[in-house]
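So the structure is just underneath, and the comments pick up after that.
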């Protein structure tokens, strides 16, 4: 039996698919319910292939560059695209500033600490 990759889009309408059942091939147990797919399951093949290579090389971008035969900026661009696809990049600097100001408003940090964090760009 051929095992295919998990489809993530409906073949009829292109809407996102949800997982409703899981099956254990070892004992035949079936579990029914509503299950969320993790962010890695939703990646397109090219991002998933890059992620596998990135992990295999232990995050060494120079090694990824060598294996793929592309420039370092191309590797960085692919990593940035992967991070964006995962939702890990693009957290707005304004959101960080808001977190600092909210912590200040709640009295969790001092004015001096808030100023220091805002200058450093961390929350």
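In full-length UniProt numbering, the protein residues as written are 1 to 123. Even for Gly, the Cβ is constructed at its ideal location relative to N, Cα and C. Given the structure is predicted, the values throughout are model-derived calculations rather than measurements.
- The count of Cβ pairs closer than 8 Å, one atom from the region 19-34 and one from the region 42-54, stays below three, leaving the stretches out of contact.
- Secondary structure remark: continuous beta strand (DSSP E) runs of at least 3 residues inside the UniProt domain "DUF2089" (10-41), in chain order: 19-23, 30-35.
- Counting every other CB atom within 10 Å of its CB across the protein chains shown gives residue 64 a total of 16 or more, marking it as buried.
- Contact check for residue 50 against residue 82 passes: the beta carbons are separated by less than 7 Å.
- Its chain contains 82, 85 as the residues whose beta carbon lies nearer than 6 Å to that of residue 47, once the 5 sequence neighbours on both sides are disregarded; these appear in chain order.
- Note that the C-beta distance between residue 98 and residue 114 is not below 7 Å.
- Burial is judged here by how many other beta carbons sit within 10 angstroms of a residue's own beta carbon; residue 117 has at least 16 and is buried.
- Excluding sequence positions up to five before and after residue 53, its CB lies within less than 7 Å of the CB of 64, 67, all in the same chain and listed in chain order.
- In this structure, residue 70 sits away from residue 61, with a CB-CB distance that is not shorter than 7 Å.
- By the neighbour-count definition (other C-beta atoms within 10 Å, threshold 16), residue 78 is a buried residue.
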